[in-house]
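Novice: I'd like to ask you about the structure that follows.
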Amino acid sequence: MSDRIRLVVTAIDDDVPGIRTLTLAAADGRVLPDFTPGSHVVLECDGPANAYSLTGDGTMPTTYSVSVLEVPAGAGGSRWVHGLAVGDPVIALPPRSMFAPILQGSRHVLVAGGIGITPILSHLRSAVRWGREVELLYAYRDGRGAHLDEVKELAGDRARFFTDRTSFAESLAATLADQPIGAHLYTCGPAGFMDAVVETATALGWPPSRIHLEHFGVEALDPGEPFQAVLADGRVLDVPSGVSLLEALEGAGLDVPQLCRQGVCGECRVTVRSGVPLHRDLFLSAEAKAANDSLMCCVSRAEGDRLEIDL
Amino acid sequence: MSPPIELTSVPSWAVAPSVPPADLTGTTFSVFAFGDAAEQVVDAWVGALAPSPVAVHHPSGTGAADLDADLATARVGWRAMLVGPLVEVLTLRAHALAKGLADDEIVVATTSTSLRPVRCVHCAADTVTTAGIGETTTCVCCGLELLVYHHVSRLQGVFLGFQVDAERWEGPT
Amino acid sequence: MTAHLPTTETARDLIEGFAFPFPTDQYRYSTNVEPARTPVVTPTGQWGDAVVDVDSEYRHELAERERILAADPSRYAVLDHMRPACWDTMITLMRELALARPDTMSLEALGGGAFVWTNRLLDVEQRFTLADESTLPMEPLRYIATQVQEDLVLLDQRDDDLWGDAGVVTFAADWSFGFDVGMNFLEIHGPVPRLRQTGVITRAREFIMRLQPGQVYRRTNWTLTIGRRLDVSTELYPEWGPDRPMIQTVDDETFGRLVHLRTEVQHLLRLPESGGVLFLSRTYLLPFADLATVEPWRARTAAVLADLPEDMADYKGVISYRDRAVAWLEARAPS
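Residue numbers (numbering that gives the first Met the number 0), protein chains in the order written: chain A, 0 to 310; chain B, 0 to 172; chain C, 0 to 334.
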C-alpha cells in the first residue's frame, strides 16, 4: 500500500446543512490519478478508513471532490471530515471503480437518495460528455439536497427532484415500467432506499444484469486490524493496520516470492503453524482456506492478534 | 480430444436437446418457435406464464424480423424465449444478443441438436452439418475439410471450423 | 517451402531486447502476472521497462499489419458500444508511446479536449479533438494500430464478466480474433487445455476485473513459430500448417534458422474514462540459431520443451517437431 496519495484540503463548502463538500488537491500540485465515473476514494482518518464517491471529472483531474454527510453516531469518519480545515493534509488510497457506467447501455436511469447523489453526479457528467441518453430521479430531504445546482446545470429537464416519498415512489415505478430494452438502472443511497428501488425494478421484470448498486461500504480491501506475526526463528513482527504481512516480512529482511501483491498469482503463499488466518485472497480454494494452514501474505491477515508462520 | 463441454464456449443446450422452464421473473414475453417439436414446449411455457400475455411467433425465416418488431416496442421486463432445432435458435439468439438483449433476458430451448452451423474460418462461409464436435465436414464454399471445433461464437451463432489436414507436407515446391 | 527463410542476420536489438519467457525449467499455465514497467535483465540485455515497445522492426511490422488488414478486414472489429473505450485506448497508448520514446513522440493537450500527437518516426503530426471522430483520419482504435507494434484487444466489463468487444489483432498465434469478438473471457479461453480445470483462468478474470486505473500488469506467453511469421492466425492455418511437417525434413542449419521461439509480452491496463480493460500483446521472435548462442536460454528452452506434457505440446502445435527441437538444442550444449 505504498501508493498512497498525499492530498491537501483546498476548499470546504458547508452550504447544505449536515453535508460538507471537500476539494482536495495533490500536496505537490501534480495531476491526480484518473478515475472511472462512479469511483470512490478511501480517505485515511482517525479510526477505520472511509470510502467516499468522487463527484468531479475523472480525466487528468487536478482536484478530487467528495461530499460527506455528517453522521454523529457513525464510526467517526464523517465527524473527522467535518472537523477538517483548509490546508489540512489528507491521505488517500488511489480511486477504485466498482460502479462504472455500462458502455452497452442505450439509456441510463440514475436514481439517487440523499448523499447517494455523489457517484451519480459523476455518471451524469460522463453521460453528458459522451451524449448518453440519461434520466435522473433524485430524492432528498427538503433543505438537505447536495449538488442541486450542478445536477440542474448538467441534466436540465432530464432530472426530476423529490422531497416526499409518495411522489418519488410513484414516479420511480412509472419510470421503470417504461424503459426500452437496453436501459440500465443505477442507484445509490441509504440501504433501505436502494432495497426499495431494486424491489420496484425486480417486480417490473428488470433482470439483475440491468440493475447496478453502489454500497457506501469499503468494498476495496480495508487496511485491516493490527496483529503480530511469529517467525520460525522466534522473531515477532508487528503488522500494523494498513501494512500487509508481506510488507512486514520484507521489512524484516525476508525474501518472500511474490508477483501480483493482490492475492491472485499464488506466489506468496505462506504456511501457518498456529493462529487463524483472515483470508482475503482470490487464489486459495474454499477448501484450502478452510484448512487454515496457509495464507497469501500480500492481502490476508490474522483473525486474532497472533499468527505463527513457517518462515 | 475435446475437453468437458462445460469448460468451453459451447452452451450445454447446443450439445443435447434441453428445455429450461419459463422465466417467471419477466413481465412480458415473446416466444419464437421453430418446427413441430417446439409446440409442446410452447404450450408448457404459455401455461406456466399464465395469466401473463405471451406473444407466440412461428417465424418462416430466421425470426430476426419478428424479434425486431417486438423489440421496438418492448420495455425492460420483456423476455425473449427461443425454442427449436439448434441451427435456428443459435442464429436467432445471436441476433438478439447483437440487439442488446442480456443473457438473463433470453431463454433458449433446443428440440434437436443433430444439425449444427459451422463457420469456415478460412473463407467465412457457413456449412450446416450433422458432423459432431471433433468430427469433420466439407466447407460448402471453399471445399476444405473442416474440423468442427469445441468453440462457439455467441454473436455469430456458429461453431468454429478449421482445416483438419493442413499439416501435410508433400515435399519441396 | 512456405516458411520465409531469413536472408539476413537477426538485428542486434532484437536479440538484446528479446523477452525470454521461461523463469524455470518447467512450464505450466499459471496466473503469471506481475507489475509492469520494471525492466527484466537478461544475459543479452533487458526488456520490459515500457508498456509499448518500439524496435528496429517498427516500420516493417506496421506495414505488415496494414497488408494483413487490407487482405482480411475481420482482424479489426469494434462493437458500437466500445466507442469511448477506443478513444480511451488511443489517448492511453499515445501517452505510453511518448513515455517510451520521448525523443521522437509526444502528446500535447491544447485544452478543451484538443490534442496534438507527434510521431517523428512516421512523420506524423495529428491534431484531434477527444470524442470527435471527424478530427482523425480513421476511427481511433484503428488509428492507434498504425502507431504501435502491439496487437490490441479491448475488454468491456459488465455483468460481472469481461467481454472481448473490440480489437485489432493481426499477429495472432493460432486463434481467430474475428471469430472470438463479443465472447466473454472464459469463452475466449475455452479452447486452451487445463486453464479452467486448474482455476488459472477464473483467477485471471477476477484479477483483471479488479484492476484499477493507473495499475499496469504484464505476463508472458510463448510458442514456437516456423519462419519469422507474425501472422499465424487460425485463418491462415492452410498456409502455415504445412511448415510443421516440412520442418522435420530440413537440415540442421535450416532448422536453427527457421524455428523461432515466440514470446508474447502481454500488458493489461484499466482504461480510466470508459472503465474498459486494454490488453496489449507484443510478439517477439528469436531464431533457435540465435537462441542457442545464449547458453542459459539454450539449456532452459531444451528443458522446458522436453518436459512439456502432451496436451500442452499439442495445443501449442509443437508436438510433431518437439523431439527434434529438443535434440537440436541439446546437440549445441557446450562440450
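All C-beta atoms, glycine included, are put in the ideal place defined by N, C-alpha and C.
So for C:Thr219, helix, strand or coil by DSSP?
Specialist: On the third sequence, position 220 is the one that residue 219 of chain C refers to. DSSP places C:Thr219 in strand when its eight states are reduced to three.
Novice: In this structure, what does DSSP give as the bridge partners for B:Ser17?
Specialist: Sequence index remark: in the second sequence, residue 17 of chain B carries index 18 (1-based). Per DSSP, B:Thr109.
Novice: Quick one: grab the DSSP three-state call for A:Ala50.
Specialist: Translated into the one-based positions of the first sequence, residue 50 of chain A becomes position 51. Looking at A:Ala50 - three-state DSSP - the assignment turns out to be strand.
Novice: Fully enclosed by the segment 59-88 of chain C, which beta strand (DSSP E) runs are 3 residues long or longer?
Specialist: List check, beta strand (DSSP E) in window: 75-77.
Novice: Return no unless some Cβ of chain A is closer than 8 Å to the Cβ of B:Leu154.
Specialist: Your numbering for residue 154 of chain B matches position 155 in the second sequence. B:Leu154 does not count as touching chain A.
Novice: How should B:Cys122 be labelled, buried or exposed, when 16 other C-beta atoms within 10 angstroms of its C-beta is the threshold for buried?
Specialist: Counting from one through the second sequence, the residue named residue 122 of chain B turns up at place 123. Burial call: exposed.
Novice: DSSP three-state label for A:Val217, please.
Specialist: Along the first sequence, one-based indexing puts residue 217 of chain A at 218. Low confidence applies to A:Val217: its pLDDT is 35, below 50, so where it sits in the model is not reliable, and the reading given next is rough at best. A:Val217 falls in the coil class under three-state DSSP.
Novice: Using a Cβ cut-off of 8 Å (strictly closer), state whether C:His80 contacts chain A.
Specialist: As a first step, residue 80 of chain C is located in the third sequence; it is residue number 81 there, counting from the start. Closer than 8 Å: yes.
Novice: CB-CB under 7 Å to C:Glu149, same chain, minus the five flanking residues each way: which ones, in chain order?
Specialist: Your numbering for residue 149 of chain C matches position 150 in the third sequence. Same-chain partners within the cutoff: Val51, Leu279, Ser280, Arg281.
Novice: Among residues of its own chain, excluding the 5 on either side of A:Arg268, which ones have a beta-carbon nearer than 7 Å to its beta-carbon?
Specialist: Position 269 of the first sequence, counted from the first residue, corresponds to residue 268 of chain A. Contacts found: Ser293, Met295.
Novice: Since B:Pro116 sits in a beta bridge, which residues does DSSP pair it with?
Specialist: Here the question's residue 116 of chain B lines up with position 117 in the second sequence. B:Val127.
Novice: Helix, strand or coil: how does DSSP classify C:Met137 here?
Specialist: Counted from its first residue, the third sequence places residue 137 of chain C at position 138. Looking at C:Met137 - three-state DSSP - the assignment turns out to be coil, as it is neither helix nor strand.
Novice: Grab the span of the beta strand (DSSP E) containing A:Tyr63 for me, first residue to last.
Specialist: Counting from one through the first sequence, the residue named residue 63 of chain A turns up at place 64. Taken as a continuous stretch (DSSP letters only), the beta strand (DSSP E) holding A:Tyr63 covers 62-68.
Novice: So who's on the other strand from A:Arg300, going by DSSP bridges?
Specialist: Within the first sequence, residue 300 of chain A is the residue found at index 301, counting from 1. For A:Arg300, which the question treats as bridged, DSSP gives the partners A:Leu277.
Novice: Report the residues of the segment 226-252 of chain C with a CB closer than 9 Å to any CB of chain B, ordered along the chain.
Specialist: Cβ contacts with chain B come from Ser232, Thr233, Glu234, Leu235, Tyr236, Pro237, Glu238, Trp239, Gly240, Pro241, Asp242, Arg243, Pro244, Met245, Ile246, Gln247, Thr248.
Novice: Between the alpha carbons of C:Gly47 and C:Met208, how many angstroms are there, rounded?
Specialist: For the purposes of this step, residue 47 of chain C is taken as residue 48 along the third sequence, with counting starting at 1. For the purposes of this step, residue 208 of chain C is taken as residue 209 along the third sequence, with counting starting at 1. The alpha-carbon atoms of C:Gly47 and C:Met208 are separated by roughly 23 Å.
Novice: Using the beta-carbon count (16 or more within 10 Å), is A:Ser1 buried or exposed?
Specialist: One-based indexing of the first sequence puts residue 1 of chain A at position 2. Note that A:Ser1 scores 46 on pLDDT, short of 50, meaning its location in the model is unreliable and no value can be drawn from it.
Novice: Suppose you measure from the CA of A:Ala99 to the CA of A:Gln257; what does that come to, to the nearest Å?
Specialist: As a working mapping, residue 99 of chain A is identified with position 100 in the first sequence. As a working mapping, residue 257 of chain A is identified with position 258 in the first sequence. A:Ala99 and A:Gln257: Cα-Cα distance of roughly 30 Å.
Novice: Going by DSSP, what residues sit across from B:Ala79 in a beta bridge?
Specialist: Counting from one through the second sequence, the residue named residue 79 of chain B turns up at place 80. Answer is B:Ser29, B:Ile105, bridged to B:Ala79.
Novice: Chain A beta carbons: is any one of them nearer than 8 Å to that of B:Asp67?
Specialist: Position 68 of the second sequence, counting from 1, holds the residue named residue 67 of chain B. B:Asp67 does not count as touching chain A.
Novice: Count the other CB atoms within 10 Å of the CB of C:Arg204; is the residue buried (16 or more) or exposed (fewer)?
Specialist: Counting from one through the third sequence, the residue named residue 204 of chain C turns up at place 205. Result: buried.
Novice: What is the rounded straight-line gap between the Cα of A:Arg320 and the Cα of C:Arg321?
Specialist: Since the first residue shown for chain A is 0 and the last is 310, residue 320 of chain A is missing from the structure and cannot be characterised.
Novice: Are the C-beta of B:Val173 and some C-beta of chain A separated by less than 8 Å?
Specialist: One cannot answer for residue 173 of chain B here, as it falls past the ends of chain B, which runs 0 to 172.
Novice: Within the continuous beta strand (DSSP E) that includes C:Asp155, where are the two ends?
Specialist: Against the third sequence, residue 155 of chain C aligns to sequence position 156. It spans 150-157 - the beta strand (DSSP E) in which C:Asp155 sits, taken as one unbroken run.
Novice: For the alpha helix (DSSP H) that contains A:Pro88, what are its first and last residues?
Specialist: For this step, residue 88 of chain A is matched to residue 89 along the first sequence. From DSSP, A:Pro88 is part of no alpha helix (DSSP H) but of the beta strand (DSSP E) over 88-91.
Novice: Count the other C-beta atoms from every protein chain shown that fall within 10 angstroms of the C-beta of A:Gly216, then say buried if there are 16 or more, exposed otherwise.
Specialist: To locate residue 216 of chain A, count along the first sequence from 1; it is residue 217. With a pLDDT of 44 at A:Gly216, under the threshold of 50, the modelled position of that residue is not reliable, and the figure given next carries that caveat. It counts as exposed.
Novice: Helix, strand or coil for C:Phe19? Go by DSSP, reduced to three states.
Specialist: Residue 19 of chain C sits at position 20 when you count from the first residue of the third sequence. Three-state result, C:Phe19: coil.
Novice: In the DSSP output, which residue or residues are listed as bridge partners for B:Pro84?
Specialist: In the second sequence, the residue the question calls residue 84 of chain B occupies position 85. DSSP, once it has assigned bridges, lists B:Ser111 as partnering B:Pro84.
Novice: What does the alpha-carbon distance come out to for the pair C:Arg227 and C:Ala288?
Specialist: Here residue 227 of chain C is taken as the residue at index 228 of the third sequence, counted from 1. Here residue 288 of chain C is taken as the residue at index 289 of the third sequence, counted from 1. Answer to the nearest angstrom: the Cα atoms are 13 Å apart.
Novice: According to DSSP, is C:Arg27 helix, strand or coil?
Specialist: As a working mapping, residue 27 of chain C is identified with position 28 in the third sequence. Correct three-state label for C:Arg27: coil.
Novice: Hey, which unbroken runs of the alpha helix (DSSP H) at 4 residues or more fall wholly within the segment 123-199 of chain A?
Specialist: Runs of the alpha helix (DSSP H) inside the segment 123-199 of chain A: 147-154, 164-175.
Novice: By a C-beta neighbour count over all protein chains shown, 10 Å radius and 16 as the cutoff for buried, is A:Cys187 buried or exposed?
Specialist: Against the first sequence, residue 187 of chain A aligns to sequence position 188. Answer is buried; the Cβ neighbour count reaches 16.
Novice: Quick one: what's got a C-beta closer than 7 Å to B:Val139's C-beta in the same chain, skipping five residues either side?
Specialist: Taking the second sequence and counting its residues from 1, one reaches residue 139 of chain B at position 140. Same-chain partners within the cutoff: Ala124, Thr126.
Novice: Which residues bound the alpha helix (DSSP H) around B:Ser38?
Specialist: For the purposes of this step, residue 38 of chain B is taken as the residue at position 39 of the second sequence. Per the sequence shown, residue 38 of chain B should be read as Glu rather than Ser. Residues 38-48.
Novice: Taking the continuous alpha helix (DSSP H) assigned at C:Pro244, which residues delimit it?
Specialist: The sequence position of residue 244 of chain C within the third sequence is 245, counting from 1. Where C:Pro244 is concerned, the enclosing alpha helix (DSSP H) stretches over 242-246.
Novice: Relative to the alpha-carbon of B:Ala71, which residue among A:Gly181, A:Pro206, A:Arg279 has its alpha-carbon at the smallest distance?
Specialist: Here the question's residue 71 of chain B lines up with position 72 in the second sequence. Looking at the Cα atoms, A:Gly181 is the closest of the given residues.
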